[in-house]
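Engineer:
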Amino acid sequence: MAENRGVKVWLCPLDEYTFAYDVQVLADDATVGEYMDALDEFQAATLADCYGCDGCCHERVPLTWPDYFLAGQPGDPADWLMLVGELDFWGEAVDLTLRRKPNGACHLLDEDAKCCSAHQVRTFTCRTHCCLPKTDRAEALRAAVINAGEDELVRRMLAGAVRPWADRLAGVDAADYAPNGFTNAGADWRSARLAELVEPEQWAQIRE
Ligand code: SF4
Ligand code: SF4
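In terms of this note's numbering, the sequence shown has 95 at position 95, counting the first letter as 1, and numbering is strictly consecutive.
This is the structure:
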């Protein structure tokens, strides 16, 4: 089990044969930083290293607002996005993901060694992926934080002086990307409150 002031993560039986991890938010003002720290501690204590497996490095990896900082603020945000990101659409929703090679592998994957070439600066989505089934609320919390982080990145991209992929984004309404907890936190993204990233109806389940 890993626990801090705001978040607890532990291993629990999902059914007769399967383990999962569960997450409980312990404080109404728990933060994204506490969530990530608890997941890091849980993974370090519970899971084996990925060496020899690159299974999830061929999947879609949403980019989020924290990723610019986790990458060490490499230059202008718009230039960074164009370098590492891909733009797509889910219906009318903008989807910003980590760029993949034509064969579907993440552009940061060392395919020969089957390991991440950028482990120290990997994305929030990669860091919060535990190689285990999740309980419903663990799934809901991670999805909500990642979605809010991606929305904040889109919001800032649309509001920026330089708009990457300007032609393709011409029809996107910036009003669809309202400020969220990441907006208030700004560069101090770890201080973003989970309660401001999760829909109210999900929050009760995550807090219970
Ligand atoms: S987390 Fe991904 S890369 Fe690591 S062992 Fe699991 S599937 Fe493989
Ligand atoms: S950043 Fe690293 S861990 Fe994440 S998908 Fe790419 S290669 Fe895998």
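Here a beta-carbon is modelled for each residue, glycine too, at the ideal position from N, C-alpha and C.
Rounded to the nearest angstrom, what separates V172 and P13 at their Cα positions?
Structural biologist: Rounded to the nearest whole angstrom, the CA to CA distance from V172 to P13 is 44 Å.
Engineer: Taking 7 Å as the threshold (C-beta atoms), are V25 and I206 in contact?
Structural biologist: yes
Engineer: Exposed or buried, which one is R122 when buried takes at least 16 other CB atoms within 10 Å?
Structural biologist: buried
Engineer: At the level of alpha carbons, what is the spacing between K114 and P62?
Structural biologist: 21 Å
Engineer: State buried or exposed for A44, treating a residue as buried only when at least 16 other CB atoms are found within 10 Å of its CB.
Structural biologist: exposed
Engineer: Counting only C-beta atoms, is W65 closer than 7 Å to chain D at any point?
Structural biologist: As a matter of chain content, chain D is missing from the structure shown, which is built from one protein chain.
Engineer: Per DSSP, E208 is paired with what?
Structural biologist: BP columns for E208 are empty, so no partner.
Engineer: Starting from the N-terminal end, write out each residue whose C-beta falls within a distance shorter than 5 Å of any non-hydrogen atom of ligand 1.
Structural biologist: What you get when you keep residues with a C-beta closer than 5 Å to any heavy atom of ligand 1 is C50, C53, G55, C56 and C131.
Engineer: Restricting to runs no shorter than 4 residues, where is the alpha helix (DSSP H) found entirely within the region 107-166?
Structural biologist: 124-127 and 136-159
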